[in-house]
Structure formats: structure tokens, C-alpha cells
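So the sequence shown is numbered by the working numbering: it starts at 1 and just counts up by one.
Heads up, the beta-carbon is just placed ideally off N, CA and C, and yes, glycines get one too.
Reading through the C-alpha cells given below for one structure.
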Amino acid sequence: MAVFPPLARIAAPVPSRRTRAGAGMTSLPAGGAGDAAMHIGIDLGGTKVEVALTGPRFDAPLLRAREPTEQSGVPALVAQIARLVARARAAAGEAPVTLGVGLPGSIDPERDRVRNCGLPWLDGAPLPALLRAATGLVPVLINDGHAFALSEALLGAGRGHRLVLGLTLGTGAGGGVVIDGALWPGRHGIGGEWGHMCIEAGGRPCYCGRRGCVEQYLSGTALERRYRELGGPVLRLPAIVARAGEDTVAAQVLAEAAGWFGLAVGSLVNLLDPDVIVLGGGLSQLDVLFGEGRAAMARQAMTETLQTLLLPPRLGDSSGVLGAALIGATVGA
């Protein structure tokens, strides 16, 4: 794995090409892009694609743009990403550039193809090779939850802490683990996939084929569905939250969410004992998770006094695209 030089004394390794994902971590000599490089990040989501161009310190983006995700197939999506990359390269001028891409899935390290993607039609696509051919750059692809965790650990709310757990909670749930400034994807590249932890044996069916997954209890769609199950009308989550003070059904949904959150995240605390947990995504706007949810987390944790910090993201909606830019910088220009 490459240690990228732009952030002094901080390493963000990626899976070595010589090993299976997460099978080991290897330090290569510093160098590559060097301090003169610019870094392009692409955040590929189900509804939007975002590009950002950052300098060697990964501070305020020099270019940032987003547009609706192309849904008509893999060739059209690759062309869209290539167009955004070309726009960023033009803004970079003569400086060498690197490219990192965050996606709602992962790359099979054996076949170099997309797997477990939130865009099902992208599963099986040789996206790294397609992007390399379309852009002329060597792309580094990263799970979007990993990208969030990496950026918040190195640049955001988790900066200065040794063990940072970054969790995202919105239409789904994802995340990543950063230890001593290094992303730890695990043996199979799935480290941080808390959305598919089982929190109720034999529980609600999940699209992954299993039952009882966190996403079926804590995602935005899960909370909206639960509100309807309890007799409420069809409402989006912001409206449900707004009614909680006078609507007992809405209040019950949020109370249940806090309980499930405490069970899931408290279990992660028992496993990893992180210094800080950064919670991002749309549901990070729910005060109940930082109040009743953290209290439930403390009850689940095997310690009398829980000192783990639970924080909102500092980078806002820039976390994903900056994490992609960071991981791209591990390869160099």
C-alpha cells in the first residue's frame, strides 16, 4: 500500500495490489505525485455524481460540481465521470493529478469488478479498467463509507484521534475504520459494513438476502415504513420528525430508532472501542440519535462510563468526495 506524502506523518494505505483486499498492509516509499500534485475526487451516488479538485493540503476545493447520476447504463456513466474528470484536469492546469472514486459498493480484489453496489446495474462492471481507459489516469476506487471515514478521520471531526469509526446513516448504512491515520478495510474489503450487521435474529428481510440487518431498522426508508406500519399516513422522514412532539406514533418511531441505534453502535463499541464515532448521512440530523441513541449505546457498551465521543461530521457533504481525493493520492500522478 502506498503512503501518500501530502499530509505529513499521516498515512492512508489502500489494499496492496499484491495481496487480497485487507490481507496485509505494506508501506511504499514516499513520493509519487509529490507536493505539486492536485487531487481529483469523484463521489458516485445513486442520485448524483460529484467532482472536486483539491490541492496538496486537501483544503477548500478549487473546483466542485455535481450533476444527476447517469442511469442509462455503464458506458454512459463512465462517459459522465470522464467528462467531470476532464473538467477538473482543465482546472488543474499543468499540475499532475491523481484520481480517486467513491462508490456505493466495493471492488472485488480478485476480479477487479464492482460488487455489492447500490446501483445494481453496475455490479460486475470492470469499472477500474473502464475509467483508466476513459481518463488516462490510474483510478483508486473506494467504498463511499470508507471514503467518509477516511476524510473525517484525517481532515474532519476525528482528526487527532487514534481510532476513528466513521458511520453513515441515510437511505442505507455504511462506514469505515481508521486506525492511526490508516484506513483499515479488512481481509475482504468490507470493514465498517455495519448496515448488514444482524440486530434481530430472523427479523425483517433485507435486499442482501439476509434478515435483521441494521438498514431494515435504521435507514430513512425503514423509519418511514415503520411509521406506516404503526398506522401513520405516508410521510417522508422530515415530516415524521416534525410531528414527533404531538404525534405519538412519530414519537414511538424515533424512540425505537434510538434503541436500535444504541444496540448496533454499542456493539461496535464493544468490538472496536473507538476514541470517536463520527455519524454522517441524512439521519445524522436526528437529535434523538445523539441524545437517547447515545444513552442506549452507553447501556450496551461494556464499560461503566462511556468516554467514546459521538460527533456529527465536520466536513458536511464534502466528506465523501474529499475521502475519494485522499485515497486517489495514495497512487500518485
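Assign residue i to buried or exposed, taking buried as 16 or more other Cβ atoms, counted over all protein chains shown, within 10 Å of its Cβ.
| i | result |
| --- | --- |
| Gly166 | buried |
| Arg299 | exposed |
| Pro274 | buried |
| Gly32 | Only weak support exists for where Gly32 lies, its pLDDT of 42 falling under 50; the value from the coordinates is given anyway. That one is buried. |
| Gln80 | buried |
| Val140 | buried |
| Asp59 | exposed |
| Ser318 | buried |
| Leu129 | In the sequence as presented, Leu is not what sits at residue 129; that position holds Ala. Ala129 is exposed by the Cβ-count criterion. |
| Ala37 | buried |
| Asp43 | buried |
| Pro185 | buried |
Looking at the structure shown, is residue i part of a helix, part of a strand, or coil, going by DSSP?
| i | result |
| --- | --- |
| Gly68 | One detail in the question is off: residue 68 reads as Pro in this sequence, not Gly. Note: Pro68 maps to strand in three-state DSSP. |
| Thr330 | coil |
| Gly259 | helix |
| Ala325 | helix |
| His39 | strand |
| Pro128 | helix |
| Asp180 | coil |
| Gly192 | coil |
| Gly266 | helix |
| Leu62 | coil |
| Leu103 | strand |
| Thr135 | helix |
| Thr98 | strand |
| Arg225 | helix |
| Val140 | strand |
| Gly212 | coil |
With the cut-off set at 9 angstroms, would you say residue i and residue j are in Cβ contact?
| i | j | result |
| --- | --- | --- |
| Tyr207 | Glu256 | no |
| Leu263 | Leu223 | no |
| Trp239 | Val288 | For the record, residue 239 in the displayed sequence is Ala; it is not Trp. Not a contact, by the Cβ cut-off of 9 angstroms. |
| Glu229 | Arg211 | no |
| Gly45 | Gly105 | no |
| Asp144 | Leu84 | no |
| Val177 | Leu315 | no |
| Ile142 | Leu131 | no |
| Ala325 | His39 | yes |
| Ala86 | Thr54 | no |
| Leu311 | Leu279 | yes |
| Gly170 | Gly291 | no |
| Val74 | Trp121 | yes |
| Thr305 | Val269 | no |
For residue i, report the span of its beta strand (DSSP E) as first-last.
| i | result |
| --- | --- |
| Ser106 | 106-108 |
| Pro365 | In the structure displayed, the chain extends from 1 to 333; residue 365 sits before or after that span and is not available. |
| Val241 | Segment 237-243 is the alpha helix (DSSP H) holding Val241; no beta strand (DSSP E) there. |
| Glu50 | 48-54 |
| Gly118 | Looking at the DSSP string, Gly118 is not in any beta strand (DSSP E), and its letter there is neither H nor E. |
| Thr168 | 163-169 |
| Ile277 | 276-280 |
Which residues bound the alpha helix (DSSP H) around residue i?
| i | result |
| --- | --- |
| Pro75 | 74-92 |
| Glu215 | 215-218 |
| Gly145 | 144-154 |
| Leu289 | 287-290 |
Rounded to whole angstroms, how far is the Cβ of residue i from the Cβ of residue j, which I believe are closer than 8 angstroms?
| i | j | result |
| --- | --- | --- |
| Gly320 | Leu99 | Not really, about 15 angstroms apart at Cβ, beyond 8 angstroms. |
| Ile179 | Leu163 | 5 angstroms |
| Val276 | Gly158 | 5 angstroms |
| Ala52 | Leu237 | Wrong, their Cβ atoms sit about 27 angstroms apart, outside the cutoff. |
| Arg66 | Val49 | 7 angstroms |
| Ser267 | Pro313 | Not a contact, Cβ separation roughly 22 angstroms. |
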